[in-house]
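Reading through the structure tokens given below for one structure.
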Amino acid sequence: MTAQQETAPALDALRGALGPGAISTTADDRRRASTDRSGHLPDGLPRAVVRPRSADEVAATLAWAGTHRVPVVPRGAGTGLAGGATAGDGSVVLDLTRLNRILEIRPDDALAVVEPGVITADLDLAARAHGLRYAPDPASADLSTIGGNIATNAGGLRCVKYGVTRDAVLGLDVVLADGTRLRTGRETVKGVAGYDLTSLITGSEGTLAVVVGATLRLQPVPARTGTATAHFASPHAAAAACAAVLDAGLRPSVLEFLDAATLEAVARLRGEPLAGDASFVLAQTDGFAADAEIEAVGAILRRTALRAEVTADPVAAEDLLRTRRQALPAIERLGRVLIEDIAVPRSRLAEAAEALTALSAATGVRIFTFAHAGDGNIHPIVLADHADPAAVRAAVGEIFRLALRLGGTISGEHGVGALKRAWLEAEVGAPALALQRRVKHAFDPLGVLNPGKAL
Ligand SMILES: Cc1cc2nc3c(=O)[nH]c(=O)nc-3n(C[C@H](O)[C@H](O)[C@H](O)COP(=O)(O)OP(=O)(O)OC[C@H]3O[C@@H](n4cnc5c(N)ncnc54)[C@H](O)[C@@H]3O)c2cc1C
């Protein structure tokens, strides 16, 4: 009997529990749902893709999975960069994109209630009709889902001032591995009753529970925005200038860094003239004092920059943000890439930038670097197409060691997924890892929810 024939009766049982058209077993669907934007390929293909239309169908799928001991991989838009949504042989992909309604926006309480399949940028746009916005803005916001953002605790450009996804999540509706539905958190800004399950599930990469609804904090659209750009002679000088901005007590809402190679890749993608061998910093300020604050940011950048400019033109500002968001797609055009995501304390940012330049020079492995500089979150993008694969592996290992040596982390925002598990113990330590495994067991004793990820 083939594996497909063996699983057919089990899948028939699930078909009976869900509405028509909820399960796909076509080879194309299974192949597409087996991987994510990390490019990681698991062993084999999932046996089916389930696309529930309601939380009840999610609960029915998980209850079925427990009975038949089938691994379930929750999936949003599949833009993840750590292999968290990759699904191998025997598993079932739980695609949540049909649960895509914005259920409520409550301007008085500055909150939104949404389903997990809502696209991040769509929520932001809907909030704007009420003078509000959804602050966490990963560069993938036009594609990624709120459920995926919650599961990865995604960061973004505005997080330096407004915090990461976890800071925007007030409460969650979830389905546990055994099919139980429950609500965590609250609608109030404050609240300390009980353990903070909302924060625990946020960032748990689909291994503790499936998010079927979220109550999210919104922020007022700022009255004004100011934008500054600056070019620097070296990544070290650019990173040091970013740290100087924050040391001066300024609170930019965006503080991003692109090294010269990344800036060149973006210019080529956009068909624009090259900026020469210069690293680039993009800063924004917002709020009633945005104009005064951006002048202060500009003055600090000018102290060490080759050149710097300040603009209040919103069209120019939006185009600059787009430049930043194009960094990863621009590099991906140049070949197969390994996308890293370390973070260091911001006082060590310049040291990290310098070490990455030195690492690339010493190994001959091309490393492009861009960063959410205000958060100390650096994305070293390693070109994997190299004559010596061992040199590439060694360079990646060196990047993780660098992060830990500087008191940082192996992942600032993409998650551990399937790709960084070997490094987790080095960061959190054996006792903490063992405790995390006990937490996983308490939520999911049969181990059916996204096994082999995050821990
Ligand atoms: C061009 C580009 C730019 C990016 N920029 C950023 C950035 O600035 N900041 C950043 O943080 N990330 C960034 N990312 C990574 C990615 O977009 C984020 O990790 C995003 O949060 C993933 O959302 P998704 O809907 O695609 O989730 P998926 O990739 O489908 O899934 C990601 C993880 O979430 C789990 N999951 C998904 N939905 C649910 C659910 N409803 N319940 C439980 N678990 C679930 C999956 O099992 C998986 O572990 C970028 C990616 C790309 C391609």
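Residue numbering for the sequence shown follows our numbering, starting at 1277 and increasing by one per position. For each residue, glycine too, the CB sits at the ideal point set by N, CA and C. Being a predicted model, the structure only gives us computed values, none of them experimental.
When rounded, the separation of the alpha-carbon atoms in Ala1519 and Thr1645 is 17 angstroms. Judged by DSSP in its simplified three-state form, Leu1379 adopts strand. The nearest non-hydrogen atom of ligand 1 is 6 angstroms or more from the C-beta of Leu1399. With a cut-off of 6 angstroms, the C-beta of Asp1418 is classified as distant from ligand 1, since no heavy atom of the ligand falls inside that distance. In its chain, beyond the 5 residues on either side, Ala1335, Val1451 have a beta carbon closer than 6 angstroms to the beta carbon of Arg1457. Around the Cβ of Leu1711, a 10 Å sphere holds fewer than 16 other Cβ atoms; the residue is exposed.
Beta-bridge analysis with DSSP links Gly1461 to Gly1447.
Spatial neighbours of Leu1678 in its own chain (CB-CB distance under 6 angstroms, excluding positions within 5 residues in sequence) are listed in chain order as Ala1631.
The beta-bridge partner set that DSSP reports for Ala1584 consists of Ala1506. Under the three-state reduction of DSSP output, Ala1667 falls in the helix class. Here the region 1502 to 1514 lies against the region 1547 to 1558, with 3 or more beta-carbon pairs under 8 angstroms apart.
Where Ala1513 is concerned, the enclosing alpha helix (DSSP H) starts and stops at 1511 to 1523. DSSP places His1344 within a helical segment (H, G or I) once states are collapsed to three. In the structure shown, Glu1548 adopts coil according to DSSP, grouped into three states. The beta-carbon distance between Thr1362 and Ser1310, rounded to whole angstroms, is 6 angstroms. This is short enough to meet the 8 angstroms contact definition.
The nearest non-hydrogen atom of ligand 1 is 6 angstroms or more from the C-beta of Leu1476.
Beta bridge pairing from DSSP links Phe1556 with His1507, Leu1534. Bridge partners of Ser1300 according to DSSP: Val1325. The nearest non-hydrogen atom of ligand 1 is 6 angstroms or more from the C-beta of Thr1343. Rounded to whole angstroms, Arg1601 and Asp1288 show a C-alpha spacing of 43 angstroms. In this structure, Thr1355 lies away from Ala1730, with their beta-carbon atoms at least 7 angstroms apart.
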